[in-house]
Amino acid sequence: MPVRREFLYLMAALLWGVPGCIITSKGVAAYRAVAIDDLWWLILCTVTVLVAFYFMFRRVVARYSGRIAKLPSKARLWQTFPLRGWILMLFMMSLGVALKHIPAVPLQFTASFYSGLGPMLLLSSARFLCNVWR
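The sequence shown: position 88 = 1180 (the numbering used here), numbered continuously.
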């Protein structure tokens, strides 16, 4: 069933924002459990992850937003992202679940990586939302 283009932007924002909230909360919880001695190093790692994902997600959001803008005024939900995008999302979610169940993953990694990834997913979600009002 075709939906309006604005709904596709909302769907993209939801698909990026919900995991962003979940991942951010897990990263913050992991930060709370980390010893204070490691804090400066973890903050440096988190900033590095933030910057890396900012530049990567900025390009991806621009590409996907351009794709949605080129669609007809009414399109199908699965057209929100290309097939490659859906496969990448599935891979990333599977990787996240796998990391959660591997006991060898240190808490410091979870704290720095999730605290960098989550906010960038939320920022990307906000960028999709901005396209709704343009």
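Using N, Cα and C, we set each Cβ at its ideal position, and we do this for glycine too.
Exposure label - residue i; buried when at least 16 CB within 10 Å
i: Arg1168; result: exposed
i: Arg1155; result: exposed
i: Arg1091; result: The structure shown does not extend to residue 1091, since the chain spans only 1093 to 1226, so no value can be given for it.
i: Gly1158; result: exposed
i: Pro1111; result: buried
i: Ser1117; result: exposed
i: Val1143; result: exposed
i: Leu1173; result: For the record, residue 1173 in the displayed sequence is Phe; it is not Leu. With 16 or more other Cβ atoms within 10 Å, it is buried.
Delimiting residues of the alpha helix (DSSP H) encompassing residue i
i: Ala1121; result: Arg1097 to Ala1125
i: Pro1211; result: Leu1199 to Trp1225
i: Trp1133; result: Leu1131 to Lys1162
i: Arg1176; result: Leu1175 to His1193
Per DSSP, cross-strand counterpart(s) of residue i
i: Ala1196; result: DSSP, once it has assigned bridges, lists no residue as partnering Ala1196.
Contact check, residue i vs residue j, beta carbons under 8 Å
i: Ile1262; j: Gly1177; result: Any question about residue 1262 goes unanswered here, given that the chain covers just 1093 to 1226.
i: Thr1140; j: Ser1207; result: no
i: Gly1119; j: Ala1218; result: no
i: Met1212; j: Tyr1123; result: no
*Decide yes or no for the touch test of the stretch 1102–1118 against the stretch 1168–1187: beta carbon pairs closer than 8 Å, at least 3 of them.*
Contact holds: three or more Cβ-Cβ distances are below 8 Å.
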